[in-house]
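J.: For the sequence shown, the numbering used here assigns the number 413 to the initial residue and increments by one for each residue that follows.
Glycine included, C-beta positions come from ideal geometry on N, C-alpha and C.
Here it is: the structure, laid out below.
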Amino acid sequence: MAEAREKVPGLPERVPAHVAIIMDGNGRWARARGLPRLAGHRAGTENLRRIIRASVEFGIRYLTIYAFSTENWGRPADEVRGLMNILEEVIDRELKELHGNGVQLRHIGRLEGIDPLLQEKVRQAIELTKDNARLTLNVAFNYGGREEIVNAVRQMIADGVAPDQVDEETVHRYLYTTDCPDPDLIIRTSGELRVSNFLIWQGAYAELYVTPTYWPDFDRDELLKALQEYARRDRRFGRV
Ligand code: FPP
């Protein structure tokens with residue numbers, strides 16, 4: 413049965429089931445204010461709360477956020493440490509509320525390479541929220557799209573999957589996003605026109621929405637604007 417939701421002014425009829433976001437521009441947001449980069453990541457984290465809340469409000473079912481890429485290890489050590497701390501703090505501070513609001517937390521990417529205590533926290537958060545069904549929040553952390561595909565191929569070989577059994581459905585099952593629908597809409601903040609190794613398999617037919625707004629300023633109304641733009645698009649999936 414469809415959930416009876418209050419009509420949100422301006423919300424289109426057709427809302428994407430799965431929205432994925434490249435949360436870019438924290439560094440530039442901070443620099444524009446004469447602040448250290450980590451202050452930008454902290455402001456970005458605050459914004460994440462707003463966007464999660466707005467996603468629930470708008471009836472989005474899956475939200476995937478790009479929080480730390482496999483390439484981000486190349487950043488200065490204190491920034492990497494800062495981003496790890498932020499993940500830990502988010503779990504410590506927000507988990508209860510997320511759980512209370514029916515958010516299911518998932519991790520996509522590799523846990524290997526992350527501090528074992530943090531790995532354990534991530535596992536516990538996933539376990540605690542696994543039956544929640546309002547919004548699935550995929551946190552891409554230590555994630556790379558090519559790495560994900562390499563990992564899938566390795567797993568298939570390890571499982572003895574025969575070559576003629578490999579089709580698109582099989583690959584889909586072996587990806588980190590195994591039981592998620594593909595993203596309908598990929599949003600990138602701060603203007604760059606790149607996919608940056610994010611959901612490169614799953615995003616094959618996603619609509620792209622790029623805004624010059626830096627991530628810490630991409631608020632509820634900006635998300636609503638993106639949904640309105642999405643609703644105007646004509647998705648043809650290669651057909652006419
Ligand atoms: C890109 O901005 C942002 C990141 C690499 C990190 C995103 C992290 C957050 C929004 C915090 C939430 C994190 C977790 C773990 C839940 P940038 O630093 O590349 O900005 P720039 O391109 O302006 O330098």
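For Arg644, report the span of its alpha helix (DSSP H) as first-last.
T.: Indexing the sequence shown from 1 puts residue 644 at position 232. Element bounds for Arg644: Arg632 to Arg644.
J.: In whole angstroms, give me the CA-to-CA distance for Glu425 and Ala545.
T.: Locating residue 425 in the sequence shown gives position 13, where the first residue counts as 1. Locating residue 545 in the sequence shown gives position 133, where the first residue counts as 1. So the two alpha carbons sit approximately 21 Å from each other.
J.: Residue ranges of each alpha helix (DSSP H) run of no fewer than 4 residues wholly in the stretch 569-593, ordered along the chain?
T.: Listed in chain order, they are 580-586.
J.: For Phe480, which option in Glu506, Glu509, Ile434 and Ile503 has the closest C-alpha, if you only look at C-alpha atoms?
T.: As a working note, residue 480 is residue 68 in the sequence shown. For the residues Glu506, Glu509, Ile434 and Ile503, the minimum Cα distance to Phe480 belongs to Ile434.
J.: Is the distance from the Cβ of Ile598 to the Cβ of Leu587 below 8 Å?
T.: Indexing the sequence shown from 1 puts residue 598 at position 186. Indexing the sequence shown from 1 puts residue 587 at position 175. Not a contact, by the Cβ cut-off of 8 Å.
J.: Taking the runs of the beta strand (DSSP E) that are 3 residues or longer, which of them lie wholly in the stretch 501-572?
T.: You should have 515-520 and 547-555.
J.: How many whole angstroms separate the CB atoms of Gly437 and Trp627, which I take to be in contact at a CB cut-off of 8 Å?
T.: Numbered from its first residue, the sequence shown carries residue 437 at position 25. Numbered from its first residue, the sequence shown carries residue 627 at position 215. The Cβ separation is near 5 Å, so the contact holds.
J.: Quick check on Tyr617: buried or exposed, where buried means 16 or more other Cβ atoms within 10 Å of its Cβ?
T.: What you label residue 617 is simply residue 205 of the sequence shown in a count that begins at 1. Tyr617 comes out exposed.
J.: The ligand GDP and Ala432: does any heavy atom of the ligand fall closer than 7 Å to the residue's C-beta?
T.: Only the ligand FPP can be found as ligands here, which leaves the ligand GDP out of the picture.
J.: Got a sec: does the ligand FPP put a non-hydrogen atom nearer than 7 Å to the Cβ of Thr625?
T.: For the purposes of this step, residue 625 is taken as residue 213 along the sequence shown, with counting starting at 1. For the ligand FPP, not one heavy atom lies less than 7 Å from the Cβ of Thr625.
J.: What did DSSP end up calling Phe470 once you bin it into helix, strand or coil?
T.: Within the sequence shown, residue 470 is the residue found at index 58, counting from 1. In the structure shown, Phe470 sits in a helix (DSSP, three-state: H, G or I).
J.: Quick one: is the Cβ of Phe630 within less than 7 Å of any heavy atom of the ligand FPP?
T.: By 1-based counting over the sequence shown, the position of residue 630 is 218. No - the ligand FPP has no heavy atom lying nearer than 7 Å to the Cβ of Phe630.
J.: Taking 8 Å as the cut-off, decide whether the C-beta atoms of Pro428 and Ile498 are in contact.
T.: Taking the first residue of the sequence shown as 1, we reach residue 428 at position 16. Taking the first residue of the sequence shown as 1, we reach residue 498 at position 86. For Pro428 and Ile498, no; Cβs fall outside 8 Å.
J.: Between which two residues does the beta strand (DSSP E) carrying Arg600 extend?
T.: As a working mapping, residue 600 is identified with position 188 in the sequence shown. Unbroken beta strand (DSSP E) run through Arg600: Leu597 to Thr601.
J.: On a CA-only basis, which of Trp613, His430 and Asp591 is nearest Ser467? Give me that one, please.
T.: Taking the first residue of the sequence shown as 1, we reach residue 467 at position 55. The shortest Cα separation from Ser467 among Trp613, His430 and Asp591 belongs to His430.
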